[in-house]
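3 is the number of the first residue of the sequence shown in the working numbering; add one for each residue after it. The C-beta atom is built at its ideal place from N, Cα and C for all residues, glycine as well. Model, not experiment: these values are computed from the prediction. The structure appears below as structure tokens.
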Amino acid sequence: MSKKIKPYQGAAGGWGALASTTRFVLGSKKPAANIRNLLRANQVKGFDCPGCAWGDEQGKHFSFCENGAKAISWEATRHQVTPAFFRQHPVSQLRQQSDYFLEYQGRIEQPMYLNRETDHYEPISWHDAFALISQHLNRLEHPDQLELYTSGRASNEAAYLYQLFGRSVGTNNFPDCSNLCHEASGVALSRAIGVGKGTVTLQDFDRADAIFVFGQNPGTNHPRMLHSLRNASRRGAAIVSVNNLKERGLERFADPQSPAEMLTTKDSTISSLYLCPRLGGDMALVRGMVKLLLEWDAEATRRNEPGLLDRAFIAEHTQGLEDYIAIVAATPWQQIEQQSGLSRNEIEQAAKVYASAGRVICTWAMGITQHKHSVATIREITNLQLLRGQLGKPGAGLCPVRGHSNVQGNRTVGINEQPASEFIDRLEAHFKTPMPRQPGHNAVAAIQAMLDGKSKVFIALGGNIAAAAPDTHVTAEALANCDLTVQISTKLNRSHLMAGREALILPCLGRTEADVQAGGPQFITVEDSFSMVHASQGVGKPNSPHQRSETAIIAGMAQATLGDKPVNWLDLADDYNRIREHIAATLPGFENVNERLQQPGGFYLGNSAADYHWQTASGKANFSAEALPEQLLPASAEGEPVSVLQTLRSHDQYNTTIYGMNDRYRGVYGQRMVLFMHTDEMRRRGLHEGDEVEIISLWHDGAERRVGGFKVVAYDIPDGNVAAYYPETNPLVPLHSTGDDSHTPTSKSIAVLIRRQASQRIV
Ligand SMILES: Nc1nc2c(c(=O)[nH]1)N[C@H]1C(S)=C(S)[C@@H](COP(=O)(O)OP(=O)(O)OC[C@H]3O[C@@H](n4cnc5c(=O)[nH]c(N)nc54)[C@H](O)[C@@H]3O)O[C@H]1N2
Ligand SMILES: Nc1nc2c(c(=O)[nH]1)N[C@H]1C(S)=C(S)[C@@H](COP(=O)(O)OP(=O)(O)OC[C@H]3O[C@@H](n4cnc5c(=O)[nH]c(N)nc54)[C@H](O)[C@@H]3O)O[C@H]1N2
Ligand SMILES: [Mo]
Numbered sequence: 003m004s005k006k007i008k009p010y011q012g013a014a015g016g017w018g019a020l021a022s023t024t025r026f027v028l029g030s031k032k033p034a035a036n037i038r039n040l041l042r043a044n045q046v047k048g049f050d051c052p053g054c055a056w057g058d059e060q061g062k063h064f065s066f067c068e069n070g071a072k073a074i075s076w077e078a079t080r081h082q083v084t085p086a087f088f089r090q091h092p093v094s095q096l097r098q099q100s101d102y103f104l105e106y107q108g109r110i111e112q113p114m115y116l117n118r119e120t121d122h123y124e125p126i127s128w129h130d131a132f133a134l135i136s137q138h139l140n141r142l143e144h145p146d147q148l149e150l151y152t153s154g155r156a157s158n159e160a161a162y163l164y165q166l167f168g169r170s171v172g173t174n175n176f177p178d179c180s181n182l183c184h185e186a187s188g189v190a191l192s193r194a195i196g197v198g199k200g201t202v203t204l205q206d207f208d209r210a211d212a213i214f215v216f217g218q219n220p221g222t223n224h225p226r227m228l229h230s231l232r233n234a235s236r237r238g239a240a241i242v243s244v245n246n247l248k249e250r251g252l253e254r255f256a257d258p259q260s261p262a263e264m265l266t267t268k269d270s271t272i273s274s275l276y277l278c279p280r281l282g283g284d285m286a287l288v289r290g291m292v293k294l295l296l297e298w299d300a301e302a303t304r305r306n307e308p309g310l311l312d313r314a315f316i317a318e319h320t321q322g323l324e325d326y327i328a329i330v331a332a333t334p335w336q337q338i339e340q341q342s343g344l345s346r347n348e349i350e351q352a353a354k355v356y357a358s359a360g361r362v363i364c365t366w367a368m369g370i371t372q373h374k375h376s377v378a379t380i381r382e383i384t385n386l387q388l389l390r391g392q393l394g395k396p397g398a399g400l401c402p403v404r405g406h407s408n409v410q411g412n413r414t415v416g417i418n419e420q421p422a423s424e425f426i427d428r429l430e431a432h433f434k435t436p437m438p439r440q441p442g443h444n445a446v447a448a449i450q451a452m453l454d455g456k457s458k459v460f461i462a463l464g465g466n467i468a469a470a471a472p473d474t475h476v477t478a479e480a481l482a483n484c485d486l487t488v489q490i491s492t493k494l495n496r497s498h499l500m501a502g503r504e505a506l507i508l509p510c511l512g513r514t515e516a517d518v519q520a521g522g523p524q525f526i527t528v529e530d531s532f533s534m535v536h537a538s539q540g541v542g543k544p545n546s547p548h549q550r551s552e553t554a555i556i557a558g559m560a561q562a563t564l565g566d567k568p569v570n571w572l573d574l575a576d577d578y579n580r581i582r583e584h585i586a587a588t589l590p591g592f593e594n595v596n597e598r599l600q601q602p603g604g605f606y607l608g609n610s611a612a613d614y615h616w617q618t619a620s621g622k623a624n625f626s627a628e629a630l631p632e633q634l635l636p637a638s639a640e641g642e643p644v645s646v647l648q649t650l651r652s653h654d655q656y657n658t659t660i661y662g663m664n665d666r667y668r669g670v671y672g673q674r675m676v677l678f679m680h681t682d683e684m685r686r687r688g689l690h691e692g693d694e695v696e697i698i699s700l701w702h703d704g705a706e707r708r709v710g711g712f713k714v715v716a717y718d719i720p721d722g723n724v725a726a727y728y729p730e731t732n733p734l735v736p737l738h739s740t741g742d743d744s745h746t747p748t749s750k751s752i753a754v755l756i757r758r759q760a761s762q763r764i765v
């Protein structure tokens, strides 16, 4: 595919999506099996789509999306990375290859051990691999020298076993992808409403009068959400999109699964209002909306008309309103307009939609969670919802739209570096053994501990930390500093090449594949963004007889390290019902899990806040009263203009997995090294479309962070903000540039200098 920039004219979804799906499915080597797989994804029987964490409509057939199709066919490849492949390619040579090349090689076929002498991975038996892990773990001076990373694709059963393994060794070091992702949502919501999860269910989208979508690109990352938005918009609900960029999926949508829509090429307008704030400007926008709501409410009260606030809800269920009102009053309009980059008139339009809607849902994703003041921003969105009692009732609530398909479930079953003491109490009582209580490391702390030589063994249950984590070179150094790194993976990736002094790759089954253990065929469970837990059972034939299930691999490591303490691990891996019985005994909400899973569609875990039960210290929902950040980022550094960079996903990628070089809805073809920029900024900088630039980030530690070879693309983005793809830009994100209280890297607001590539010399 040749490189080109060609603005996309169609709606999101539609023929473009269908053509792309067909190409991905048919382009793989086993189209029949792939299509059968697609039909089984997200159905009552079959597997949960590994694409994203959006919920499933009950009883609807053929519910898959273009990007789910890519995820499934990417996993179902027949390509294999065999011992012969590794004999041919030394690790130092593989390091020169792109992420796309690495994953494209296919599924890891056998367990592999890195021989540092020869610089090649060599086959190792499962027995010897587990023995090596146990030797390393039993040699640690302290259990906290172990880091156990999780990527949110693992099942509840695997994740539960993994946390039990880590805690039985004696550590709470569970860095996970959530630390890089929705951590701010968990922190903010726990403080505000006493539960770190969204309060809505999928059915609420059918009842909302207005849906505010903040900092999210569902057309690419949660395509099934577009169905809910389209249906809502058709029945007259207002959809307000708040996004730094004009995203096609939020503007228009045609359903690739609705023949009528496809034939008439009738597409739906999704958003009735589309606001483009500056990066990090959402808190200021919401503050402005609240300022107006309070003004309008006061006017109505003066006229003896019903006010806009839900006073009964506020009185019964909340605390902290006075302080919040005071801080809103003290926030000047000038600061609100300057920080949001929106005019008072634009903010007023959003406030009017909000004020006139009976039931409102607010959703958000990475555009909100990956900033320095993300927790404060989510608290502000929550304040807005509390003011009008938009919580708990049908059609209203808060909805952080999760990323990985089971990231929420992983947290629920104990992947948490700061576990609640009640959970540890339950584990101790049930397993009759002491469990660690000291807080563990999140992703950034884990990288720092490895860098400092404090942590010595790194085990990853999936994911690709070397590419996904910030400060790529620093992360690589941290991994190299470990005595042992272990990657439980489906496909070859960067993390296998940025390894410790000793390293293992342990190949596992994917979600779509049949998992047969001594106890017969097994299913696993997952939890979606709406707290629905349901079963998932793979159907495909495993790619190689050597691959094992994640659960069996964890059991193997645990049995080799701990013997039968505190459980017979191998016994649990024989029959996952046994693991679910331990889950039921130690986690509220999972009582009789094995029976309840028999109901089609699974069961709802419940949400205390949606039931007006506030598990906060105050016993109420808490308003927060925080000033807006003083200044987002500097406008210039030593006379040179500073831009603010966000790092985001293209349409052809799943996190660090690159499926292809196109970003169709943004009109980018055959390339990924692009930098989206406003035309005014291009003019000021004397840049033209296609000019090559390098990007240098500003951070006060003096280290140089620079990437080059990016082509400028003119785009509808606020002047002074720029955007480029992740993971190519991860070397620019300083490890310690993290969110307040969330510790999440600020991947959506990095201060950068932009220089023409020709000026190789930096003055
Ligand atoms: N196909 C596919 N599906 C995926 C993934 C994938 O990579 N590919 N990844 C999965 C994962 S792990 C996650 S977390 C989710 C990610 O889903 P998203 O959060 O949609 O992912 P991003 O591409 O990071 O997009 C961030 C969006 O927020 C906007 N934005 C950035 N900064 C700001 C801001 O300050 N304010 C506002 N209002 N908008 C802003 C960007 O323009 C962009 O539209 O998707 C999940 N689903
Ligand atoms: N700059 C920047 N950085 C970011 C982000 C950003 O927006 N900007 N987003 C962040 C976010 S939201 C997230 S969630 C993280 C993602 O971080 P990770 O979850 O660590 O990364 P992924 O790319 O999802 O992991 C892909 C790898 O997982 C393995 N894999 C796939 N399926 C399976 C499976 O079923 N089992 C096992 N064991 N392995 C499997 C494959 O080997 C594949 O190479 O990245 C974060 N990093
Ligand atoms: Mo994520």
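Using the Cβ count rule (16 or more neighbours within 10 Å means buried), how would you classify residue i?
i: A422; result: exposed
i: T740; result: buried
i: F532; result: buried
i: D325; result: exposed
i: K434; result: exposed
i: H144; result: exposed
i: N158; result: buried
i: R304; result: exposed
i: W335; result: exposed
i: D613; result: exposed
i: F103; result: exposed
Cβ of residue i versus every heavy atom of ligand 1: is any distance shorter than 7 Å?
i: Y667; result: no
i: Y656; result: yes
i: R313; result: no
i: N545; result: no
i: A161; result: no
i: T731; result: no
Examine ligand 2 and report whether any of its heavy atoms sits within less than 7 Å of the Cβ of residue i.
i: A55; result: no
i: G405; result: yes
i: K493; result: yes
i: R550; result: no
i: L96; result: no
Run through DSSP, which three-state label would residue i get?
i: Y102; result: helix
i: A760; result: coil
i: Q420; result: coil
i: N219; result: coil
i: L755; result: strand
i: P649; result: Looking at the sequence shown, residue 649 is not Pro but Thr. Strand, per DSSP.
i: F64; result: Caution is warranted here: a pLDDT of 41 is assigned to F64, below 50, making its placement in the model unreliable, and no coordinate value can be reported.
i: R155; result: coil
i: K293; result: helix
i: P472; result: coil
Find the nearest neighbour of residue i within the set the options, judged by alpha-carbon distance.
i: R413; options: V197, S235, N246; result: V197
i: H138; options: G502, D718, R668; result: G502
i: K166; options: R109, T201, L574, K374; result: It is Leu, not Lys, that sits at residue 166 in the sequence shown. Checked all of R109, T201, L574, K374; the closest Cα to L166 is L574.
i: Q519; options: K493, P547, L607, G108; result: P547
i: S358; options: Q392, G343, S342; result: Q392
i: E77; options: K374, E515, Q759; result: E515
i: S136; options: A587, D485, G604; result: D485
Since I believe residue j is in contact with residue i (beta carbons under 8 Å), could you give me their beta-carbon distance rounded to a whole number of angstroms?
i: L142; j: K458; result: 6 Å
i: F625; j: N385; result: 5 Å
i: H680; j: P643; result: With a Cβ gap of about 12 Å, H680 and P643 do not count as contacting.
i: N223; j: C54; result: 6 Å
Would the C-beta of residue i count as close to ligand 3, meaning under 7 Å from any of its heavy atoms?
i: C364; result: no
i: C179; result: yes
i: C51; result: no
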